[in-house]
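Colleague: Residue numbers (our numbering): 69 to 216.
Below: one structure in structure tokens.
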């Protein structure tokens, strides 16, 4: 019997997957416990509509990320920090500070975990920093560390 799984079942399949299950297993376990539904025409149409909706949402998110990526390429984030001799920064500039500056100065909300900073910035000057906006969409922003 063909059934559509409503949730992940270890050793059987993943959510929204259409599987061929034995009649007894489907009737006595999967269907009564609400773990699956019969793969009839109506349920298959619902599954296809759900998949189409998810794909459309992903495409829209990617389009928004591409627009934001173009905006970020032209952005220069200026951070004023205390420095000692030779332009050495007291402490360091982290991805959290970059995210806060983007939010405050440009009203661009970026998660600090998405800012790909190999190591904190410890010297004054300009540095190019990558930001992962979406799957396959990475933008670069210029961070200008200005000594006080």
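All residues carry an ideal CB built from backbone N, CA and C; glycine is no exception.
If you're wondering where the values come from, they're calculated on a predicted model, not measured in any experiment.
If I measure Cβ to Cβ from residue 88 and keep anything under 7 Å in the same chain, skipping five residues before and after, which residues do I get?
Modeller: Cβ within range, chain order: 70.
Colleague: So, under 8 Å CB-CB, residue 216 and residue 150 are touching, yes? Tell me the CB distance rounded to an integer number of Å.
Modeller: Rounded, the Cβ-Cβ distance is 5 Å, consistent with contact.
Colleague: Do you know whose CA, among 109, 73, 112, 108, lies nearest residue 97's CA?
Modeller: Residue 97 has its Cα closest to that of 73, out of 109, 73, 112, 108.
Colleague: Between 141, 193, 118, which lies nearest to residue 154 when the distance is taken from Cα to Cα?
Modeller: Closest by alpha carbon: 193.
Colleague: Can you name the residues that DSSP bridges to residue 147?
Modeller: In the DSSP output, where bridge partners are listed per residue, residue 147 has 213.
Colleague: Going by the beta-carbon positions, is the gap between residue 184 and residue 200 smaller than 7 Å?
Modeller: Contact flag set, yes.
Colleague: Confirm, please, whether the CB-CB distance from residue 189 to residue 161 is below 7 Å.
Modeller: In contact: residue 161 and residue 189 (Cβ atoms closer than 7 Å).
Colleague: Could you check the C-alpha separation between residue 75 and residue 82 for me, to the nearest Å?
Modeller: Their Cα atoms are separated by approximately 6 Å.
Colleague: Name, in chain order, the residues that DSSP records as bridge partners for residue 202.
Modeller: DSSP output for residue 202 lists 205 as bridge partner(s).
Colleague: Give the range of the alpha helix (DSSP H) segment to which residue 130 is assigned.
Modeller: Taken as a continuous stretch (DSSP letters only), the alpha helix (DSSP H) holding residue 130 covers 109-141.
Colleague: Could you pull out every residue in the same chain whose Cβ sits closer than 7 Å to the Cβ of residue 222, ignoring the five residues on either side in sequence?
Modeller: This structure leaves residue 222 out entirely; the chain is present only between 69 and 216.
Colleague: Mind reading off the beta-carbon distance from residue 213 to residue 157? Whole number of angstroms is fine, and I expect it under 8 Å.
Modeller: Going by Cβ atoms, the distance from residue 213 to residue 157 rounds to 7 Å, so yes, they are a contact pair.
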